[in-house]
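Novice: Structure provided below as structure tokens; questions to follow.
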Amino acid sequence: MKDIHPGRFTAAIDGDFVVFLIGMRINRLRKLRSWVPVAKAMPRMQKELAQHPELGCLGAANWFGRTTVSVQYWRDFDSLNSFARNPDQTHLPAWRAFNKAINNSGDVGIWHETYQVHQGSTEAVYGNMPVFGLAAAFDHVPVAARGQTAAERINATDDDVTAVDPY
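Sequential numbering from 2 applies to the sequence shown in the numbering used here.
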């Protein structure tokens, strides 16, 4: 199990970044030939990104089920777009194979959402958690370093009075 950090922590983020949500949905469970290749493609892409931080992916977390979700943090949109369209990297061949094999069959769906995030427009808190999310992609720091409340951490107010006693 990952190391648990007792107490409250947050993410220290310097600069703009991109949040990219990507996933697939198995629409027809019995159509293994349709969705298994799609499911196998993502680990290859994430391995490539982890081995090559210069591509711009800062970190990722995944959830699996009938609908899978990967939350990825990127340095900037240009890095994400470059990875998606580069024929020498894993994504573009997988994308082309999906479009050729699946087309409009409806057996499996793919999706993504992209968010450009500007410095100072995020806040996060992690209580008794392993390093996770934004804190894993950037810096994991004690919550006191950024403020006790969400409003304080996102610079919405100078009010540091918490609604509940922090632990």
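Every residue gets a Cβ at the ideal spot worked out from N, C-alpha and C, and that includes glycine. Here the structure is a predicted model, which means the values were calculated and not measured.
For TYR74, tell me which candidate among VAL109, TRP96, LEU56, VAL144 has the shortest Cα-Cα distance.
Specialist: Checked all of VAL109, TRP96, LEU56, VAL144; the closest Cα to TYR74 is LEU56.
Novice: Would you mind listing the beta strand (DSSP E) stretches within the stretch 44-118 that are 3+ residues and don't spill past its ends, in chain order?
Specialist: Counting whole runs of 3 or more residues, the stretch 44-118 contains the beta strand (DSSP E) stretches 58-64, 68-75, 109-118.
Novice: Taking C-alpha atoms, which residue in ASP166, GLN149, VAL39, VAL72 lies nearest to PHE21?
Specialist: Comparing Cα-Cα distances from PHE21 to each of ASP166, GLN149, VAL39, VAL72, the minimum goes to VAL72.
Novice: Of the residues GLU124, VAL19, ALA125, which one's Cα is nearest the Cα of HIS113?
Specialist: Of the candidates GLU124, VAL19, ALA125, the one whose C-alpha sits nearest the C-alpha of HIS113 is VAL19.
Novice: Of all the options ILE14, GLY8, LYS3, ARG9, which has the alpha carbon lying nearest to the alpha carbon of ASP140?
Specialist: The residue with the shortest Cα to Cα distance from ASP140 is ILE14.
Novice: Assign TRP64 to one of two classes, buried (16 or more other C-beta atoms within 10 Å of its C-beta) or exposed (fewer than that).
Specialist: Exposed, since its Cβ has fewer than 16 Cβ neighbours within 10 Å.
Novice: So, helix, strand or coil for PRO7, using DSSP?
Specialist: DSSP places PRO7 in strand when its eight states are reduced to three.
Novice: Between the C-alpha atoms of ILE111 and ASP166, what's the straight-line distance to the nearest angstrom?
Specialist: One C-alpha to the other measures close to 43 Å.
Novice: Would you kindly work out how many angstroms separate the C-alpha atoms of ASN104 and ARG76, rounded to a whole number?
Specialist: Cα to Cα, the separation comes out at about 31 Å.
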